[in-house]
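The listed protein sequences derive, respectively, from chains R and S. Counting the first sequence from 1 gives a position; our numbering is that position plus 18. Counting the second sequence from 1 gives a position; our numbering is that position plus 18. Quick notes on the structure that follows.
Protein chains: 2
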Amino acid sequence: MATPDRPGFALPLLLLAGFRTLVDDLHAELARQGHPELRPAHGFVLQAVGPDGTTASDLGQRLGVSKQAAGKTVDRLVALGYLERVDDPADARRKLVRTTATGRDGLHRSAAVFDELRDRWVATLGADRVAAIEDDLRRMVPADVFRLDVPGWFGG
Amino acid sequence: MATPDRPGFALPLLLLAGFRTLVDDLHAELARQGHPELRPAHGFVLQAVGPDGTTASDLGQRLGVSKQAAGKTVDRLVALGYLERVDDPADARRKLVRTTATGRDGLHRSAAVFDELRDRWVATLGADRVAAIEDDLRRMVPADVFRLDVPGWFGG
DNA sequence: GTAAGATGGTCAACGTGGTTGACGAAATAG
DNA sequence: CTATTTCGTCAACCACGTTGACCATCTTAC
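Here it is in structure tokens:
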């Protein structure tokens, strides 16, 4: 039977709480810097769109959701001014999704704020311990759950 | 500027991925054991209801959501057979929410499966490293984000 | 004892982030 | 030229959350 002092007892909640703490802090600061509308899910989307733009279908694949869900998320981010849709001259079916200047501003600020947050963790825990946590988690997480091909922006 | 090899770079995604790995494994096993309908959010609710039952309003407060949201979640869990509503003889306004036998079964199985998952992490990483991760995370997470007053069941 | 206020549950409308299924238009394979 | 695949979208639906309103009931003050 589980006892509260056994190693690992509170691990799941602590992992979630750690993530939430980082993301909450990030968004509180982003709101202060002129991006109060930016929600956690939007960060992954903006990052996945990338500098060259992409399509709704491709976006869905990258994010692991249906193309319809990706399309609706793009709708919202277009309404907020973070993304824009342009016709693809080479393929009349496709509509390129691109980040706007506002979207790039949000992305850059997010990266900068996250730098500060990371520094805070490193300053408090020490670089060794932060690196050790990362190594341990990497060992426990299957590759398909943790795909770090879109670094720099984390739920911001 | 952030570089991928800097300590803390991938930390947020790894924290989230670690949590998701644990919860995914837990639910895959719970589905195998006859509880395929149980979703991550349900675990917190069942745990918050507790052995003595509670009311929708109180449940909302415990979970940090509105009483209406708590009421709708109770509706779903009642429909699934995990909870039941009974009139409070002492107060005609109140309706006690209680776990059913099915709910208790889900709770117990969830606790048992989580025990195994924790053992797996401890076996792979070592008790020291698991304890170190927990200590570090405890230090970085504000008390109001991490409230471990409902231990034993984690998103199951 | 009654009037006034606080509390519990519910209804309605809405927002966000997902799902499937269907379907037309355009590109591509044969 | 036809058959198939792909892209975007529409429509319905679900889970989970929000506010505001409302009625019934319990509690408090007078």
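By construction, the Cβ of each residue, glycine as well, lies at the ideal position given by its N, Cα and C atoms.
Cβ-based burial, residue i [other Cβ within 10 Å; buried from 16]
i: Arg50 (chain S); result: exposed
i: Ala66 (chain R); result: buried
i: Ala119 (chain R); result: exposed
i: Arg38 (chain R); result: buried
i: Gly36 (chain S); result: buried
i: Thr142 (chain R); result: exposed
i: Ala145 (chain R); result: exposed
i: Ala88 (chain S); result: buried
Candidates the options: closest to residue i by CA position
i: Arg138 (chain R); options: S:Val148, S:Val140, S:Val159 and S:Leu31; result: S:Val159
i: Glu134 (chain R); options: R:Asp23, R:Phe27, R:Pro25 and R:Leu40; result: R:Leu40
i: Asp105 (chain R); options: R:Val131, R:Arg122 and R:Gly71; result: R:Gly71
i: Ala110 (chain S); options: S:Ala87, S:Ala46 and S:Thr73; result: S:Thr73
i: Tyr100 (chain R); options: R:Gly52, R:Ala149, R:Leu44 and R:Arg24; result: R:Gly52
i: Phe62 (chain S); options: S:Asp43, S:Ala46, S:Leu95 and S:Gln86; result: S:Leu95
i: Val131 (chain S); options: S:Lys85, S:Asp23 and S:His45; result: S:His45
i: Leu56 (chain S); options: S:Asp42, S:Ala161 and S:Arg147; result: S:Asp42
i: Leu98 (chain R); options: R:Arg24, R:Arg80, R:Thr117 and R:Pro107; result: R:Thr117
i: Val83 (chain R); options: R:Ala59, R:Gly68 and R:Pro69; result: R:Ala59
Contact belief for residue i with residue j at Cβ below 8 Å, rounded distance in angstroms
i: Leu64 (chain R); j: Gly124 (chain R); result: 7 Å
i: Arg127 (chain R); j: Leu48 (chain R); result: 6 Å
i: Lys113 (chain S); j: Arg122 (chain S); result: With 8 Å as the limit, Lys113 (chain S) and Arg122 (chain S) do not qualify as a contact, their Cβ atoms being about 20 Å apart.
i: Lys85 (chain S); j: Ser75 (chain S); result: 4 Å
i: Val198 (chain R); j: Val115 (chain R); result: Given a span of 19 to 174 for chain R in the structure shown, any question on residue 198 (chain R) remains unanswerable.
i: Ala150 (chain S); j: Ala149 (chain R); result: That belief does not hold up - the Cβ atoms of Ala150 (chain S) and Ala149 (chain R) are roughly 12 Å apart, past 8 Å.
Proximity test, residue i beta-carbon vs the ligand ATP heavy atom, cut-off 8 Å
i: Gly36 (chain S); result: Of the ligands one can find in the structure shown there are none, so the ligand ATP has no counterpart to examine.
Taking a cut of 8 Å between CB atoms, which residues from the stretch 25-41 of chain S lie near chain R? Pro25, Gly26, Phe27, Ala28, Leu29, Pro30, Leu31, Leu32, Leu33, Leu34, Ala35, Gly36, Phe37, Arg38, Thr39, Leu40 and Val41
Would you be able to state if there are at least three C-beta pairs under 8 Å between the stretch 147-156 of chain R and the stretch 25-45 of chain S? yes
Would you list, in chain order, the members of the stretch 38-64 of chain R that have their beta-carbon closer than 8 Å to a beta-carbon of chain S? Arg38, Thr39, Leu40, Val41 and Asp42
Members of the stretch 118-130 of chain R that neighbour chain S once the beta carbon cut-off is set at 7 Å: Ala129
Can you list, in chain order, the residues of the stretch 76-92 of chain R whose Cβ is nearer than 7 Å to any Cβ on chain S? none
With 8 Å as the limit, tell me which residues of the stretch 150-164 of chain S have their beta carbon closer than that to any beta carbon of chain R; keep them in chain order. Ala150, Ile151, Glu152, Asp154, Leu155, Arg156, Arg157, Met158, Val159, Pro160, Val163 and Phe164
Quick one, which residues of the stretch 135-148 of chain S are near chain R if we go by CB-CB under 7 Å, in chain order? Arg136, Trp139, Val140, Thr142, Leu143, Ala145, Arg147 and Val148
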